[in-house]
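Taken in order, these protein sequences are the chains called V and B. Residue 2 is where the first sequence starts when you use my numbering, and the numbers rise one by one after that. Residue 769 is where the second sequence starts when you use my numbering, and the numbers rise one by one after that. Beta carbons are placed, not taken as given, at the ideal position from N, Cα and C, and that holds for glycine. Since the model is a prediction, treat every value here as computed from it, not as a measurement.
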Amino acid sequence: MAGFTRGFTGGARRGADQRLPPGQYDTGSGWPVLSAELTPQVDLDAWTMSIDGLVEKPTTWDWPGIHTLPGSSYFGDIHCVTTWTKFDTTFSGISVDSLLQVARPTPEATHVMATSTTGYTTNLPIEDITGGKAWIVWEFDGKPLTAEHGGPVRMLVPHLYFWKSAKWITRITLMDHDEQGFWERNGYHDRGDPWLEQRYQGDA
Amino acid sequence: MSEVEAVASSWTTGTVREIERFGDSYVKLRLEVANRHDHVPGQHYVVRLRAPDGYTAQRSYSVASDPADPLIELMVECLPRGEVSSFLHEVAEVGDELEVRGPIGRWFVWGGTVPSICVAGGSGVVPFVSMMRYARRMGTESALTVVASAQTRVRLPYVEDLEEFGALIALTRENHVDGTGAERVAAHIYPDELAGLSNGVERAYVCGSAGFVSFVGRSLGEAGVRSDVVRVEQFGPTG
Chain V
2 MAGFTRGFTG
12 GARRGADQRL
22 PPGQYDTGSG
32 WPVLSAELTP
42 QVDLDAWTMS
52 IDGLVEKPTT
62 WDWPGIHTLP
72 GSSYFGDIHC
82 VTTWTKFDTT
92 FSGISVDSLL
102 QVARPTPEAT
112 HVMATSTTGY
122 TTNLPIEDIT
132 GGKAWIVWEF
142 DGKPLTAEHG
152 GPVRMLVPHL
162 YFWKSAKWIT
172 RITLMDHDEQ
182 GFWERNGYHD
192 RGDPWLEQRY
202 QGDA
Chain B
769 MSEVEAVASS
779 WTTGTVREIE
789 RFGDSYVKLR
799 LEVANRHDHV
809 PGQHYVVRLR
819 APDGYTAQRS
829 YSVASDPADP
839 LIELMVECLP
849 RGEVSSFLHE
859 VAEVGDELEV
869 RGPIGRWFVW
879 GGTVPSICVA
889 GGSGVVPFVS
899 MMRYARRMGT
909 ESALTVVASA
919 QTRVRLPYVE
929 DLEEFGALIA
939 LTRENHVDGT
949 GAERVAAHIY
959 PDELAGLSNG
969 VERAYVCGSA
979 GFVSFVGRSL
989 GEAGVRSDVV
999 RVEQFGPTG
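Have a look at this one:
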């Protein structure tokens, strides 16, 4: 393996913010759009959010129904595996904890699969979506979340790489085992912690 | 669902064997990769630069070469203030060693047989060049239809390869004369063009900026291509 790269000082990015995980750069005011599929048009009148699988009370909320739960916001940074980080974002919606308080996971539940209206999936350990670490959001910076960024409703798990924050979320399924989702089957890491640089299968 | 075997890639050395610069827009790198695993057309590599104090910057680039090529070919668009692309464009020389990792991605890949239409905007042609070269070698060109769009001919990387393959070149700011002498008037890709070309395809690949992908997605829909057979790769910032 090569040592350092001849002629590369990284001078342009020197003094990088301590909030940047390794290998990430500050995308500034931009917000790149990345997805594997075409952007669907989701009609809020027909939209539902379900919690199912290993729960005592499988539950489905519609758009007015989910607004009866207490609101919750995230203020902080998001990190994409393609190496951009966006600082100081504000997302609003509800905490995933609020949904799970209603549906009540059974003791066997250890992992979840998040599913989008497009069929996109991503897997997460239950600890990564409980305890105030994950949201279902429909506003970004106080405005409705646009379709290209996962609107009208997406998941938000900001302490993991952003492919875990499933766009166009419609369902979270509790499971007693781990199972790979879309990008995880296609070469990306099962957990995706940006501070550990868990980008691809094979990373520690 | 994947046509590609899972390979857990790790960082290795890519030695620059050939380098060619195209104005201020593109730089073509041909790398000899140590402990290389063959890629499948459509996959990408990550290039990582390392400063003497350990600071690193990395970006992903689609592979343009055929899997049988002894070297890995990357065509890198030089972005304004692009930390990695500007280094590759301005500093990199033959003989330099870069940290590379790949091949990566098992979704935006073509295994060589599924009848497909590929639609590219600008540097989005790169993964399709690998597919075209592979199809040429395997004799499966008839399974691959390529459409490439750019503002002008000189701004389209691999334009000669695309023309030779019989790709539809859709230029938006100047007319284009194809190999048969027919002239296409400057315009964005329109649904009628796609409808004719997407007859019988089982899959569509779209690669380009977010705006381009969104535009082509709508046009493919109007041309009768189902959204669930469309695979997308996007790049670039949005406003």
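- Taking 8 Å as the cut-off, the Cβ atoms of residue 953(B) and residue 877(B) do not count as close.
- Looking at 914(B), 897(B), 943(B), 894(B), the one whose alpha-carbon comes closest to that of residue 884(B) is 914(B).
- Note on geometry: alpha-carbon atoms of residue 935(B) and residue 898(B) lie some 14 Å from one another.
- Within the region 800-876 of chain B, the runs of alpha helix (DSSP H) that reach at least 4 residues and sit entirely inside it are, in chain order, 851-858.
- With a threshold of 8 Å between beta carbons, residue 83(V) makes contact with chain B.
- With respect to residue 817(B), residue 92(V) sits apart: the two C-beta atoms are not nearer than 8 Å.
- In this structure, the alpha-carbon of residue 173(V) lies about 46 Å from that of residue 927(B).
- Per DSSP, residue 964(B) is not a residue of any beta strand (DSSP E); the alpha helix (DSSP H) it occupies stretches across 959-965.
- Spatial neighbours of residue 872(B) in its own chain (CB-CB distance under 8 Å, excluding positions within 5 residues in sequence) are listed in chain order as 777, 811, 812, 813, 814, 828.
- The beta-carbon distance between residue 145(V) and residue 22(V), rounded to whole angstroms, is 29 Å. This is too long to meet the 8 Å contact definition.
- In the three-state reduction of the DSSP assignment, residue 901(B) falls in the helix class, which pools H, G and I.
- Here residue 843(B) is buried. Its C-beta has 16 or more other C-beta atoms within 10 Å.
- The beta-carbon of residue 830(B) is placed no less than 8 Å from the nearest beta-carbon of chain V.
- Here the alpha carbons of residue 131(V) and residue 70(V) stand approximately 16 Å from one another.
- Of all residues in the region 857-884 of chain B, only 859, 864, 865, 866, 867, 872, 873, 874, 875 place a beta-carbon less than 7 Å from a beta-carbon of chain V.
- Look at the region 802-823 of chain B: the residues with a C-beta under 9 Å from a C-beta of chain V are 802, 811, 814, 816, 817, 818, 819, 820, 821, 822, 823.
- Partner residues in the beta bridge of residue 796(B), as assigned by DSSP, are 788(B), 843(B).
- Assigned with DSSP and collapsed to three states, residue 65(V) falls in helix.
- Under the 8 Å criterion on CB atoms, residue 124(V) is classed as non-interfacial with respect to chain B.
- For a Cβ distance threshold of 7 Å, residue set 84 of chain V lies close to residue 827(B), ordered along the chain.
- Neighbours of residue 54(V) in chain B, taken as residues whose beta carbon is under 9 Å from its own, are absent, since the nearest beta carbon is some 21 Å off.
- Of the other Cβ atoms in all chains shown, 16 or more fall within 10 Å of the Cβ of residue 162(V); this residue is therefore buried.
- The beta carbons of residue 799(B) and residue 785(B) sit about 7 Å from each other, so the pair counts as a contact at 8 Å.
- DSSP, reduced to helix, strand and coil, places residue 1001(B) within a strand of the structure shown.
- When rounded, the separation of the alpha-carbon atoms in residue 57(V) and residue 171(V) is 19 Å.
- Residue 122(V) sits close to residue 114(V), with the two beta carbons spaced by under 8 Å.
- Approximately 24 Å separates the beta-carbon atoms of residue 82(V) and residue 139(V); this is outside 8 Å, ruling out the contact.
- When the five nearest sequence neighbours on each side are left out, the beta carbons in the same chain lying within less than 8 Å of the beta carbon of residue 782(B) are those of 799, 800, 801, 802, 813, 815, 840, 865, 866, 867, 868, in order along the chain.
- In this chain, the alpha helix (DSSP H) harbouring residue 978(B) covers 978-990.
- Under the three-pair Cβ rule at 8 Å, the region 954-974 of chain B counts as touching the region 903-917 of chain B.
- A Cβ-Cβ contact shorter than 8 Å links residue 882(B) with residue 971(B).
- Here the alpha carbons of residue 118(V) and residue 182(V) stand approximately 14 Å from one another.
- With fewer than 16 other CB atoms across the displayed protein chains lying within 10 angstroms of its CB, residue 942(B) is exposed.
- With a 10 Å radius around the Cβ and a threshold of 16 neighbouring Cβ atoms, residue 86(V) comes out buried.
- Identification of residues in the region 26-44 of chain V having a C-beta nearer than 8 Å to some C-beta of chain B yields 26, 28, 31, 32, 33, 34, 35, 36, 37, 38, 39, 40, 41, given in sequence order.
- With fewer than 16 other beta carbons inside 10 angstroms of its own, residue 103(V) counts as exposed.
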